[in-house]
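Q: Take this structure first; my questions come after.
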Amino acid sequence: MKAAVLNQHTFTQHIEEVQIPEILPHHVLIKIKAASINHHELWSIKEQSKRSPASIIMGSDGAGEVVAPGLHSNPHLMGQEVIINPSLDWGNDPRTFGKTYHILGFPQHGTFAEYLAIHERYVVKKPPHLSLEEAAAIPLAGLTAYRALFTKGQLKKGDKVLITGIGGGAALLALAFAVHAGAEVYVSSGNEEKLNEALKAGAKGGANYKTEGWAEKLMKTSGGFDLIIDSASGPGFSELIYLANPGGTIVLYGRTAGMLPVLDPQQIFLKQLSILGTSMGTEQEFEAMVNFVSLHQIKPVIDSSYPLAEIQHAFKKMKSGDQFGKIIINMPA
């Protein structure tokens, strides 16, 4: 099969012919039709390279067709179009993952290949309203957004929600999920075009964090937020504490803007704020997320699609930060 193999010495991906993976008991072989890329892969290349094999097939997101069952696997999965859950071996504590937890694609081979063998517990039937490209855009971003909103954020109908960094896959799915849950949603971005697109997608308002006094203007417009979903961290985090309503919650799932600034603890304890971290989610949350997507007929925003042979161009687009939505990798027919 063809696969995009990352060389850990050159930090580049090359299309190579490799063996189709062995199907272990209770596993299934999936012919991958589409995958999508995440900042997780960029982070993996940058920060985990010394802990990985000499070469690896990355890719956490994918969708395809079950083409072969392993011993003792469910025969009814044969021929089904499925979405792959990339959150592997979470453990028994729903509050946090255990020591053996890992994300598909690093260090275990992932979805940037024509075939993937994986335990049947990590495959979920694709909602009929989604194409395979759309389904491939859902897993990591959808799971992250769902846990941040509903498990950690305890989102309720009527809550006022701020989602930062709109344009990324998780932020856009968080916007869709929150709108369908009956929340009043605002967004922030440093790009006016992305803010306008978010308004078309259901956001009530937005703010450009590159403009002076943006937080004060947003506070005046919105009245503050019950729940803030943040992927950036960085110097702007203190503005989020200001924008949070008393008793509000800030859920943090990324650090694209870097380390947190020095914070005024008085603002946190006098406002009775909860600041929570989250990453990925459990198998139960993944299934609940897919059911939510199916129930509300939610479709992810897709920025662009590339063939597997052009995966380096797709990563270049991701690094630029210009995308609005998910970047898809299509496998050879």
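If you read the sequence shown in our numbering, its first letter stands for residue 785, the second for the next number, and so on.
The C-beta atom is built at its ideal place from N, Cα and C for all residues, glycine as well.
Computed from a predicted model, the values in this text were never measured in an experiment.
#1: Can you name, in chain order, every residue of its own chain whose Cβ lies under 7 angstroms from the Cβ of Ile922, other than the five neighbours on each side?
#2: Check whether the Cβ atoms of Lys786 and Leu1044 sit closer than 8 angstroms, and answer yes or no.
#3: Suppose the cutoff is 6 angstroms on Cβ atoms and the five residues either side in sequence are ignored; what does the same chain contact list for Trp1036 look like?
#4: Across which residues does DSSP place Val1035 in a beta bridge pair?
#5: Near Tyr1120, what residues of its chain come up, given a Cβ to Cβ distance below 8 angstroms and the 5 sequence neighbours on each side ignored?
#6: At 4 residues or longer, and completely inside the region 850 to 931: list those alpha helix (DSSP H) runs for me, N to C.
#7: Within 10 angstroms of its Cβ, does Gln1068 collect 16 or more other Cβ (buried), or is it exposed?
#8: Excluding five sequence neighbours on each side, which residues of the same chain lie with their C-beta closer than 6 angstroms to the C-beta of Glu968?
#9: According to DSSP, is Asn822 helix, strand or coil?
#10: I believe Thr1066 touches Trp874 by the beta-carbon criterion, under 8 angstroms. Please report the beta-carbon distance rounded to the nearest angstrom.
#11: Under 8 angstroms between the Cβ atoms of Ala818 and Leu916?
#12: Is there contact here, the region 803 to 811 with the region 855 to 871, by at least three beta-carbon pairs under 8 angstroms?
#13: If you drop the 5 nearest sequence neighbours on each side, which residues of the same chain put their C-beta closer than 6 angstroms to that of Ile840?
#14: Does the Cβ-Cβ distance between Gln1107 and Gln797 come in under 8 angstroms?
#15: Using 8 angstroms as the threshold, is the C-beta distance between Asn822 and Leu924 below it?
#16: State the beta-bridge partners of His798 as determined by DSSP.
#17: Suppose you measure from the CA of Tyr885 to the CA of Ser871; what does that come to, to the nearest Å?
#18: If Tyr899 sits next to Leu813, beta carbons under 8 angstroms apart, how far is it from one beta carbon to the other, in whole angstroms?
#19: Does the distance from the C-beta atom of Ile799 to that of Gly848 stay below 8 angstroms?
#20: Identify the residues that DSSP records as bridge partners of Pro1084: which are they?
#21: Check Ile804 in the structure and name its three-state DSSP category.
#22: Would the beta-carbon of Met842 be found less than 7 angstroms away from any heavy atom of the ligand PLP?
#23: Considering only residues of the same chain and omitting the five flanking positions on each side of Gly942, which have a CB-CB separation below 8 angstroms?
#24: According to DSSP, is Glu776 part of a helix, a strand, or is it coil?
#25: If you draw a straight line from the alpha carbon of Gly1020 to that of Gly1008, how long is it in whole angstroms?
#26: Does the structure place the region 887 to 894 close enough to the region 967 to 981 that three or more beta carbon pairs sit under 8 angstroms?
#27: By the DSSP assignment, the alpha helix (DSSP H) with Leu1118 in it spans what residues?
#28: Would you give the residue range spanned by the beta strand (DSSP E) that Gly945 belongs to?
#29: Based on Cα-Cα distance, which residue from Gly846, Glu1071, Val963 and Ala1028 lies nearest to Ser1006?
#30: Are there 16 or more other CB atoms within 10 angstroms of the CB of Met862, so buried, or fewer, so exposed?
#31: In terms of residues, what are the limits of the alpha helix (DSSP H) holding Ala991?
A: Inspection of the coordinates gives the following:
#1: Ile867, Val1077 and Pro1084
#2: no
#3: In the sequence as presented, Trp is not what sits at residue 1036; that position holds Leu. The answer, listed in chain order, is Asp1014 and Gly1061.
#4: Ile1013 and Leu1060
#5: Because the chain in this structure spans residues 785 to 1117, residue 1120 falls outside the shown range and cannot be described.
#6: 916 to 920 and 923 to 930
#7: exposed
#8: So the qualifying residues of the chain are Lys944 and Lys988.
#9: coil
#10: 5 angstroms
#11: It is a contact, given that the beta carbons lie within the stated cut-off.
#12: yes
#13: Leu790
#14: no
#15: yes
#16: Val789
#17: 8 angstroms
#18: 6 angstroms
#19: No. Outside cutoff.
#20: Answer is none; Pro1084 lacks a bridge partner.
#21: Coil, per DSSP.
#22: Ligands are entirely absent from the displayed structure, and the ligand PLP is therefore not among its contents.
#23: Gly966, Ala967 and Glu968
#24: Nothing can be reported for residue 776: it is not among the residues displayed for the chain, which extend from 785 to 1117.
#25: 16 angstroms
#26: no
#27: Any property of residue 1118 remains undetermined from this structure, which presents the chain solely from 785 to 1117.
#28: Looking at the sequence itself, residue 945 is Val, so the reference to Gly does not match. Here the beta strand (DSSP E) through Val945 covers Lys944 to Ile947.
#29: Ala1028
#30: exposed
#31: Taken as a continuous stretch (DSSP letters only), Ala991 belongs to no alpha helix (DSSP H), being part of the beta strand (DSSP E) at Gly989 to Asn992.
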